[in-house]
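For reference, the structure is listed below as structure tokens.
Chains as they are written, first to last, in this note's numbering: chain A, 2 to 249; chain B, 10 to 676.
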């Protein structure tokens, strides 16, 4: 396959960025998107140019590090995959691919396609945990049976990989899907219920401080989420938040 | 350096850990506040250790090269975590988990460490549930289990095919709680460049900020290395792209012995290589062998027809299929340990029965499982069990619930529907049992420097059983290191903050800077990946699934020559003080080029076959691995002497007091 690549190039956080056009040939349809980017970088290095910086690590769709906005969609045109799991067979010979970083005020660009998502960590630090010490002196794991339906829902929410596709897809750059996934996981489990009030208030507060936008229920986040995290979680978080606000 | 002292406590095996905990020195809560500990790596071991050390009151500084601690590669572990809970009432016990692990490791691990691992395994599950880890449950609300290779009980706890993710996020959440409290200072996008020793003790590290390129000094009273394994020495492996040996290699060069480097696990069920462009390999969880059956065609004509696209695997009749694991190992069948399953796949493919274009793939088939589950569901619902369409649909739903994410991953990569046609799989490098030598307290041969999780060597011998890596990472981090480290730190309560202005820090920093600048100024003609690929090919061809003297000697020569060429001709673009992925990679590949040589040297030295290390010269007439207990019941611990070829071998003899050493049989 021969392709035209329009890639966002930005030397560092302070530099002004721009789209730069490249062409690439002999791309195999069996390549993953990132393998195509590797190939492109090898060509740039051989030509004495600066390779394109992008984040990636596990390349099996679970670490959440890869973060490209391809042809106007977070993680590209395929559904329920991260960029590393997107394969070139989804494109046609002669296609033009526009490749940008995940854009949001709260995700400043570090270089080219790599962005700083530490705002997500800070939200988790504000309350994304159960306050139990790791001493091992807890009760037996089977002491509290948990309804399988609740356990399964908690698991589904917990599969969020923290990639930020929800934020990049949202016209408001809202992080509600990300935050609600964690709030929901704990709200659905007896172990998480004890500090549910403080958790939701603290996490939402931190989310607002980081400069993420509000949710206007357009649902783009759910469509683009590589793990299929449901909007139902946002509804649950709103309920949790309202309850907590009344208690407070 | 003193002789190897494993510091195994006295007393009977089942009392060693309890007695040891009662007898080691403690640090008072007030004094813990005066002590700094550095942790490198945030996988299961590093994250759990950081959280626990901080809860105990130490000041923790934790480093990871990723943009967030949640990205560490433990996140990709799929199948599950073992624990001797015996919730299924199928005869499991601490002793049985201990025994299975020793046997699975082909009698090359340290008895006392393994027993402790089995002992604390049950705490892990309690701990994780308390943290809100959503393990799979049955309809009664209790925890569910499944079975993994090399065992005859169901002791594996799981969260679909994302157990590693859920456990890591649990440890990450425990860390976040301490980061929020200010007890852990987290350094993301930081790479450890060297270890700093003062008066022979580990007292800090030099790091590079991967965003700004800045070289930084960090001091502490102890340094814990939790940087994972070195599978990426093979270039292609199931490890993450950034997984590297550098932290462990740097401490090795500063005096930590490196143990059993040739003990590598080649995982039997991975997606086969598709072409030259391949950057990494993807694992299909071992849990799939609970339900999938592995086979190749019996007739070579069928193999040819499949490769030419004239025949579909689903068209091959039952009697024309060779379920070779069930044939060779009737007792364990498809659930033999990983090393055995991998070699059996290689044997069939070498004999010409590989089922893809490259001849390096076998089938993993779910048709029987779909049928079995479908019938069960139809029966439960009172529907027609002879309706094949209905049964298939119901069966697929059950399989989807169990392994959905794995099937989806396979479909995305291979572009085939595994619900309709068997998966194609082939072995790939997955885990390294070898690693930094540690004593019972998990301290390396450098005082004050510890290694935990995959980074150390201690628990898995020559072959790791499935679902035991997660267990070991969390056992080390939550329940072992935080206590054993106190015994050492008790002598440090009057030391006070360690200055980073000492000549030792100065010298280490200078060395790091010179190394980085040398890469940038080299202006060679080949990229870093060019060398990494070449190294990987040497390793796979000559130190892979089976090894022999001739190949290993060639590998030693080839790796050394490649390393020399690398330093002469590598091209690293950009500058040092910027976000420069190529520069970071160059440092990692430089270390792999040294480790690779020690790996081959270790494999050459060990002329027996054991676990994942198969020497062609040492096999039974049936082609099974043949151990040489008389000459090799020891841990090879290598001391750095300037370069890999000069490394000095120390032997830790393994004494089996409880277990009778036997030939491993899964027949």
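Note that the Cβ used here is the ideal one computed from N, Cα and C, for glycine as well.
Could you give the DSSP three-state label for residue i: helix, strand or coil?
i, result
"residue 68/B", "strand"
"residue 161/B", "coil"
"residue 684/B", "For residue 684/B there is no data in the structure shown, the boundaries of chain B being 10 and 676."
"residue 267/B", "strand"
"residue 432/B", "strand"
"residue 204/A", "helix"
"residue 304/B", "strand"
"residue 10/B", "Note that residue 10/B has pLDDT 45, beneath the 50 cutoff, so the model's placement of it is unreliable and no number is given."
"residue 296/B", "helix"
"residue 177/A", "helix"
"residue 78/B", "helix"
"residue 214/A", "strand"
"residue 186/A", "helix"
"residue 274/B", "strand"
"residue 358/B", "helix"
"residue 72/A", "coil"
"residue 227/B", "strand"
In chain A, which residues lie less than 7 Å from residue i when you measure between Cβ atoms?
i, result
"residue 713/B", "With chain B covering 10 to 676 only, the question about residue 713/B has no answer from this structure."
"residue 250/B", "57, 58, 60"
Taking Cβ-Cβ distances shorter than 9 Å, what residues in chain B pair up with residue i?
i, result
"residue 90/A", "424"
"residue 118/A", "76, 77"
Identify the continuous beta strand (DSSP E) that holds residue i and give its terminal residues.
i, result
"residue 9/B", "Residue coverage of chain B in this structure runs from 10 to 676, which leaves residue 9/B outside it and unanswerable."
"residue 103/A", "It is not in any beta strand (DSSP E) - residue 103/A carries neither H nor E in the DSSP assignment."
"residue 450/B", "That residue, residue 450/B, is in no beta strand (DSSP E); it is neither H nor E in DSSP."
"residue 202/B", "199-207"
"residue 460/B", "458-460"
For residue i, which residues of its own chain have a beta-carbon under 6 Å away from its beta-carbon, when the five flanking residues on both sides are left out?
i, result
"residue 100/A", "8, 69, 71"
"residue 558/B", "none"
"residue 46/B", "62, 67, 69, 229, 231"
"residue 567/B", "547"
"residue 106/A", "212"
"residue 1/A", "Given that chain A is displayed from residue 2 to residue 249, the structure contains no residue 1/A and the question cannot be resolved."
Using the beta-carbon of each residue, which ones in chain A are nearer than 9 Å to residue i?
i, result
"residue 255/B", "Ordered by position in chain A, no residue passes the 9 Å Cβ test against residue 255/B, which lies about 15 Å from the chain."
"residue 591/B", "42, 46, 52"
"residue 669/B", "By Cβ distance, chain A contributes nothing, its closest Cβ being about 31 Å from residue 669/B, past 9 Å."
Who are the neighbours of residue i on chain B, taking C-beta pairs under 8 Å?
i, result
"residue 289/A", "Nothing about residue 289/A can be reported from this structure: the residues present for chain A run from 2 to 249 only."
"residue 147/A", "146, 150"
"residue 131/A", "139, 140, 141, 182"
"residue 82/A", "421"
Which bits of chain A does residue i rub up against, with CB to CB less than 8 Å?
i, result
"residue 538/B", "39, 43"
"residue 588/B", "13, 54, 111, 112, 115"
What residue does the alpha helix (DSSP H) around residue i start on, and which one ends it?
i, result
"residue 40/B", "38-41"
"residue 388/B", "376-390"
"residue 110/B", "103-113"
"residue 593/B", "590-614"
"residue 397/B", "397-423"
"residue 121/A", "119-128"
Can you name, in chain order, every residue of its own chain whose Cβ lies under 8 Å from the Cβ of residue i, other than the five neighbours on each side?
i, result
"residue 380/B", "400, 401, 404"
"residue 97/B", "154, 162, 163, 164"
"residue 171/B", "87, 414"
"residue 505/B", "43"
"residue 40/B", "502"
Under 7 Å Cβ to Cβ from residue i, same chain only, skipping five residues before and after it: list those, please.
i, result
"residue 297/B", "278, 373, 412, 415"
"residue 514/B", "205, 213, 226"
Show which residues of chain B have a CB atom less than 7 Å away from the CB atom of residue i.
i, result
"residue 122/A", "77"
"residue 32/A", "286"
"residue 106/A", "Result: empty, since nearest Cβ-Cβ is about 17 Å, beyond 7 Å."
With 7 Å as the C-beta to C-beta threshold (strictly closer), list the residues of the region 48-69 of chain A near chain B in chain order. 51, 52, 54, 56, 57, 58, 59, 60, 61, 62, 63, 64, 65, 66
Of the residues that make up the region 137-162 of chain B, which ones have a beta carbon closer than 7 Å to any beta carbon in chain A? Cβ proximity to chain A below 7 Å picks out 138, 139, 140, 141, 143, 146, 147, 148, 149, 150, 151, 152 from the region 137-162 of chain B.
Selection of the region 154-176 of chain A by Cβ proximity to chain B, strictly under 8 Å: 155, 156, 159, 160, 162, 163
Can you list, in chain order, the residues of the region 180-210 of chain A whose Cβ is nearer than 8 Å to any Cβ on chain B? 186, 187, 190, 192, 193
Compile a chain-ordered list of the residues in the region 218-237 of chain A whose CB is closer than 8 Å to at least one CB of chain B. none
Quick one: which residues of the region 181-193 of chain B get their C-beta closer than 7 Å to a C-beta of chain A? List them in chain order. 182, 183, 185, 186, 188, 189
Selection of the region 478-492 of chain B by Cβ proximity to chain A, strictly under 7 Å: Cβ contacts with chain A come from 487, 488.
With 9 Å as the limit, tell me which residues of the region 296-312 of chain B have their beta carbon closer than that to any beta carbon of chain A; keep them in chain order. none
Proximal residues, the region 558-589 of chain B versus chain A, C-beta separation under 8 Å: 580, 582, 583, 587, 588
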